[in-house]
Every structure is written in C-alpha cells, then in structure tokens.
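If you read the sequences in order, they're chains A and B.
Heads up, the first sequence is in this note's numbering, so the first residue is 1178 and it goes up one at a time.
Heads up, the second sequence is in this note's numbering, so the first residue is 1178 and it goes up one at a time.
Just so you know, even glycine gets a beta-carbon here, dropped at the ideal spot from N, CA and C.
Take a look at the structure below.
Number of protein chains: 2
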Amino acid sequence: TVKGINLENIFEMRKIDDALKLMDLVKRRKRAVVVGGGLVSVETAEAITKKGGKVTIIFEEDEILSLIFDDYIGRMIRNKLEENGIEVVSSSKIEQFYGINRVEAVKADGAIFPCDFVILATGVKPNTELAREARIRLGKHDGIIVNKRMKTEADNIYAAGDCVEINDFITNQSIPFQLATTAYREGEVAGENVSGGNRSIQDMVSNVCVKIFDIELASVGITCRDAVKNRIDVLQSNVETEDKIRYFPTKKKLWTSLLFNKKDNRLIGAQFAGEKAAVWGDFAALAVLKMMDIDELADFNTSYSPAVENFWTGITTAARRLRSSRENIS
Amino acid sequence: TVKGINLENIFEMRKIDDALKLMDLVKRRKRAVVVGGGLVSVETAEAITKKGGKVTIIFEEDEILSLIFDDYIGRMIRNKLEENGIEVVSSSKIEQFYGINRVEAVKADGAIFPCDFVILATGVKPNTELAREARIRLGKHDGIIVNKRMKTEADNIYAAGDCVEINDFITNQSIPFQLATTAYREGEVAGENVSGGNRSIQDMVSNVCVKIFDIELASVGITCRDAVKNRIDVLQSNVETEDKIRYFPTKKKLWTSLLFNKKDNRLIGAQFAGEKAAVWGDFAALAVLKMMDIDELADFNTSYSPAVENFWTGITTAARRLRSSRENIS
C-alpha cells in the first residue's frame, strides 16, 4: 500500500456520499489529482473541471482508457481532455502522498503534483468474501465462477454482478465484465433460475459507451492490446466519415476503428468517436456476435437519405477500405 | 390514362430539370396537388411547403407511405404533414385534370381540388425495353430476372438497378427494390462479374430512411400489410422510448414498431420514428438478416451511459414487452 494513502481528502468515487463530498470540496479547494486511467477517472475529471477545479490525471498505462481504446481514438480522447485544461500524466506510478493531516501533494514517477484532494479510481475488484467463506471456486481474475445459468459450483447457489466472471465471446476466456448492463442481464437469469426457471445468459460481447465533454465514444469487443495478449493476429481499419452526404451543412464527423481477426477476417473489435457512436457500437456488437467478416460488412446494405444518413457509413467505409487494400495486395 | 393528363404544369419529379421547373413555378403559383403516397410524393410536398406553396397530397392507399409504414408510425407521419399545413387526402383516385391549356383543378373521388400545378409521383416501373427486345425473361413485377451474380437468363448479359428484380430475404419473392443503395451494390457485383470476377449479391433486406420536416424515419423488412399478403401471422410491439435516462434534460423520443413472425418469433420488420431512427434501422436490418428472435433481441446487450444511451433502447424495450405479455399468457 502506498505511503500516505490514509491522509484526509483522499477518497474513492463509489457512492453518492463520495460525489456529495467531492461537490462540496471543489467549492473551496481547486487542485485535484485523479489516480487511474479508466472510465470513472475520466468522468470524475470532467465533473471536477466543470465545477471549476483544476485536474491532473495520473495512471500507469501508456494511454488514457487503454483498456477499451487503441491509440487512434485514445489520442483523440487525450487531446479532448487537454483542450479542456486537464493535465494527462501517463506511464506514471504513484509513489507517495504527502501532507500533515490533509493531502498536499502526490509524488508519481519522481515528480511532485501539489493538490488539495485526490480521487482514487484505479478499478474495482470482485467482492468475493462470502464466496470464499463458502469455499466457492473463483476464477483467474478472482471473480466467482458461474455457468451459463449463473449457478456457482456450489449446489443451489447463484451469483450475478461485479463479483462474477463470465465468458467473453471473442477470447473464450472467463472475465469480470463489471458493467451495469451485464449485471442486470446476469441478475435476471440468476433470479429466474433460482425461482425454478431455466434460462441461460446470452453470449457476451463487451459493449461500452461514454461521453467525454462533447465527444461521444463507444468500444466493442477487444482492442489491439487484448489481441496481442491473446496472440490473435489482426487487421485494423481506421476511417473518418461524415454522417450525412457532403453537401449537407449539418453533417457531423464520426471516427471508426475496426479490428478483424486475420485468420478468418471476422470482426472482433470496434471503436467509435463522434456522431451516434453509441448506436454504431450496438450495431458492431451485434456484428461481432454474428461473426460477420470484412466482405459481409463491406456489402451490408445500410440505409441512405441525404438529410439523414450518408451513403457509406463508418463501418461500411472501414470494411471496404480494408477489402480494397487486400485486393490490391493479392 | 387519366383525362387531361397532358395539360401544362402537370409533371413528374425525375430529373434535375423537373426540380428547377418546380422551384421556378412555386415562386409565382402557390397551389400544388401532389399525386401519390410514397417517398417522392412526401419529400416533394415538404419542399413545396418550405418554398411557400400550399400542397394537397392525393393517393389511393388508405394511409401515407403505406408501402413501408404501418399505422402506428403512418399516423404520426400524416399528423406531421398536416401540422405543417399539407392537406392529406387518402383512399382517393384521380379521375380527371381540368384546365384550358394549363391545369386548373384535379378531380379525385368526386371532389374538386383547384390548383396551379400538379406533381405526379405514383412510382416508377422497371425500364425493360432493351430486355424485351433481347427477349430476356422478366419477373412478376416486370423487372428483369437475374441470379445472385446479377446475370440475366441470357448468356453474358448482366443487369443491375431499378430495372431488375432481386430476391427479398424475408418473403423469398423476387421484387424490384429500386433504391440507390441496392442499385449500387448490384452494379458492383454485375461489374465485377462482367470483368471476369465471381461475386454474389448479399441477401437483401429492405432498409429505407427519410426525414420529413423534423422527424427522422426508418423502415426495415416487411410491414403488417405485406405480412397479410404473404399469409404470415405476426406479433407486433409498438413502444415509445427516450434515448437517454429519464433525468437527462436533453433526452429525445423514439417510436419503435417491431414485427415478428408468429411461427418462429423471428424479426421480419421494424419501423422507427424519432431520435437516431436511421441507425436503429440499420441495426434492425442486421437483426432481420441474422434471423434474431424475440428472446435474443430482449436479451441483447446494448451499451448504456446516462449522457449517451438509455439502459433499454427502443428495440430491447419492444422485444421485452412482447416477451412479458407472452409469459403472462402462458
């Protein structure tokens, strides 16, 4: 554990009381350090900035939100944060918190960051105390192991939510999803089975959206970093498109990054930034679940009307570009 | 052919010159009758209205855009047109055009509509003159019959675009799609095969979007009317949802109508009006193509973030409502 972590004004962002405390603090004290490079960290940094605070985000990874975004969109997010006055300090490990009673500075990677308060947002661990006591088996990531019916390995005991690991459709690895959307669906399945039903959880593809300042973001499936870890060779296609045809004055931009498995050309990841990113994320999540490949996505018949949707969309454009480059090589 | 149809100022909306003529006419003459209840009719009526004209739309069907929308959204479209001062006359057949040289009135179903000009927008027929001369076989709808490679039944002759019929994925009937999006994809396939390639057209699900005044619309697959014609028993679910969680002030409405085949619970049609209708249409088109059923859509893991996308979307809400009502019955 890091020295000084018990100083006053160092806290997590878990409950409503934490948010109320933050809102109160930021009225009087302005300099914040947010530790961690994930969604909670970024959303908290934005909230503090909007309340007039000055934020430094410090994290160990080499890019912000690197668990769900690769560099094409990751850089865009970093720029968006910096544009809004947030200092982004990557590849940096917290060494110590300084202060007498209250925190006064953070030391990270040899540098000192003076601050009035610190938010810790370094991720959550499955709460498995009860499961351990009951000697229920846990997985590689310390989440409770459950089957498709959300039953643990103990008779008549079911589990759902942030404490469990479920199977990731792409890697076929058991991982903690820890999202409200998956937790709800797991809870429904567990609840129905506990009360005598027989229902299974659907194959799960990671599907996350978030808004950072004015930019909508979505991430689906796995990233390039995940692919390397899982020894999957990939083809990537990054494109910038507009949501309406070029002569429409109200057109807006969308950045799309698609990731295909090089072995079978199937879609395994998709990242979006900009106009309607979240719904395109849902579309991509369905395409991943249905194991669509480059050709199928390139030829998919999206709708078109000048005032509504462009002739080619981010997904069809990205798939078509990859197909052309492949044809030019062969 | 209708009497008086050759009078001046009665014309179609096919080419740029037609649009220029209309823009010029509407500066001086204000009262327009638009004949037909399809997309071209509605878009032309809106354009005339925005240029200061006063429009009456007259068509034979009992609701506007009834080829692609059922009543839930059809009524909404009619209201939108009427709100904007357009008179909508349904179930009415044109009997005669009156006038000396120029058109002065339209008689439809016994009623007289005085007007300064008339736009005919009653649909297009496949142009198959060349095919007939070459004795190439045509289909039930007078479109050229082609196989998956876009080859006609004559050796070395390919066809693509508004003149052909292709197979509809849901009904398995050969129909003329007559959309820019399908024409482009057909052209690519025909072109590649003509130049020695070997490519097939993807299974085609109808997927159309349009904006009428401030409301975005999308229609996918078949309608209830189509289902009746094809003797398919259906389950329908109509829901009104908001794109963001209830406490978000910028939330906007979406109306969703899903149509499932009663036999196997598979999605065969979807209609949307409102926020992000077109992209949800693309999502639904993919769901139809992948033969998703009520349960699979009810459990599908859409993404969620308060500032971006609601916990339940139009599609998941509609599918879940149908599932609950079914469970309550059984």
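{"Asked": "Using a C-beta to C-beta distance shorter than 9 Å, which residues of chain A count as neighbours of residue 1504(B)?", "Found": "Chain A residues near residue 1504(B): none, gap ~10 Å exceeds 9 Å."}
{"Asked": "Just to confirm, is the Cβ distance from residue 1360(A) to residue 1454(A) under 8 Å?", "Found": "no"}
{"Asked": "Could you tell me the alpha carbon to alpha carbon distance between residue 1446(A) and residue 1370(A), rounded to whole angstroms?", "Found": "32 Å"}
{"Asked": "Which whole-angstrom value describes the C-beta separation of residue 1211(B) and residue 1222(B), a residue pair presumed to lie in contact below a C-beta threshold of 8 Å?", "Found": "5 Å"}
{"Asked": "Between residue 1341(A) and chain B, is there a C-beta pair that is closer than 8 Å?", "Found": "no"}
{"Asked": "Taking beta-carbon pairs under 7 Å, can you tell me which members of the region 1452–1468 of chain B lie near chain A?", "Found": "1453, 1455, 1456, 1457, 1458, 1459, 1460, 1462, 1463, 1464, 1467"}
{"Asked": "Within 8 Å (strictly less), CB to CB, does residue 1359(A) reach chain B?", "Found": "yes"}
{"Asked": "Starting from residue 1387(B), find everything on chain A with Cβ-Cβ shorter than 7 Å and list it in chain order.", "Found": "1482, 1485"}
{"Asked": "Buried or exposed: which applies to residue 1200(B), given that a residue is buried once 16 or more other Cβ atoms fall within 10 Å of its Cβ?", "Found": "exposed"}
{"Asked": "Taking the CB atoms as reference points, tell me whether residue 1397(B) and residue 1451(B) lie closer together than 8 Å.", "Found": "no"}
{"Asked": "What residues in its chain sit with their C-beta under 7 Å from that of residue 1507(B), if we drop five residues either side in the sequence?", "Found": "At residue 1507(B) the pLDDT is 48, less than 50, meaning the model places this residue with poor confidence and gives no usable figure here."}
{"Asked": "Got a sec? Which residues, its chain only, sit under 8 Å from residue 1309(A) by beta carbon, not counting five neighbours each side?", "Found": "1315"}
{"Asked": "Distance, Cα to Cα, residue 1390(A) vs residue 1251(A)?", "Found": "15 Å"}
{"Asked": "Within the 8 Å Cβ cut-off, does residue 1266(B) reach chain A?", "Found": "no"}
{"Asked": "Within this structure, are the beta carbons of residue 1428(B) and residue 1419(B) separated by less than 8 Å?", "Found": "yes"}
{"Asked": "Verify the CB distance criterion: does residue 1381(B) have a CB-CB separation below 8 Å to chain A?", "Found": "yes"}
{"Asked": "What are the boundary residues of the alpha helix (DSSP H) that includes residue 1460(B)?", "Found": "1454–1466"}
{"Asked": "Show which residues of chain A have a CB atom less than 9 Å away from the CB atom of residue 1240(B).", "Found": "The premise fails here: residue 1240(B) is roughly 20 Å from chain A at the closest Cβ pair, so nothing lies under 9 Å."}
{"Asked": "At 3 residues or longer, and completely inside the region 1329–1387 of chain B: list those beta strand (DSSP E) runs for me, N to C.", "Found": "1341–1344"}
{"Asked": "Using the Cα positions of residue 1229(B) and residue 1198(B), report the straight-line distance between them to the nearest angstrom.", "Found": "15 Å"}
{"Asked": "Per DSSP, residue 1127(A) forms a beta bridge with which residues?", "Found": "There is no way to answer for residue 1127(A), as the model of chain A reaches only from 1178 to 1507."}
{"Asked": "Below 8 Å, can you find three or more Cβ-Cβ pairs linking the region 1432–1440 of chain A to the region 1278–1293 of chain A?", "Found": "no"}
{"Asked": "8 Å is my cut-off, CB to CB: does residue 1450(B) come that close to chain A?", "Found": "no"}
{"Asked": "By DSSP, does residue 1263(A) sit in helix, in strand, or in coil?", "Found": "coil"}
{"Asked": "Taking buried to mean at least 16 other C-beta atoms within 10 Å of its own C-beta, is residue 1405(B) buried or exposed?", "Found": "exposed"}
{"Asked": "Would you list the residues sitting across from residue 1325(B) in a DSSP beta bridge?", "Found": "Per DSSP, none; premise fails for residue 1325(B)."}
{"Asked": "Flag residue 1476(A) as yes if its beta-carbon sits less than 8 Å from any beta-carbon of chain B, otherwise no.", "Found": "yes"}
{"Asked": "Which residues mark the beginning and the end of the alpha helix (DSSP H) in which residue 1405(A) is found?", "Found": "1401–1406"}
{"Asked": "Establish whether the CB of residue 1326(A) and some CB of chain B are separated by less than 8 Å.", "Found": "no"}
{"Asked": "Does the distance from the C-beta atom of residue 1387(A) to that of residue 1485(B) stay below 8 Å?", "Found": "yes"}
{"Asked": "In this structure, how does DSSP classify residue 1268(B) when only helix, strand and coil are distinguished?", "Found": "coil"}
{"Asked": "Who pairs with residue 1438(A) in a beta bridge, going by DSSP?", "Found": "1411(A)"}
{"Asked": "Can you tell me whether DSSP reads residue 1296(A) as helix, strand or coil?", "Found": "strand"}
{"Asked": "With 16 as the cutoff for other CB atoms within 10 Å, does residue 1214(A) come out buried or exposed?", "Found": "buried"}
{"Asked": "Only counting the same chain, and skipping five residues up and downstream in sequence, which positions put a Cβ closer than 6 Å to that of residue 1382(A)?", "Found": "1346, 1398, 1462, 1465, 1466"}
{"Asked": "State yes or no: is the C-beta of residue 1449(A) within less than 8 Å of the C-beta of residue 1474(A)?", "Found": "no"}
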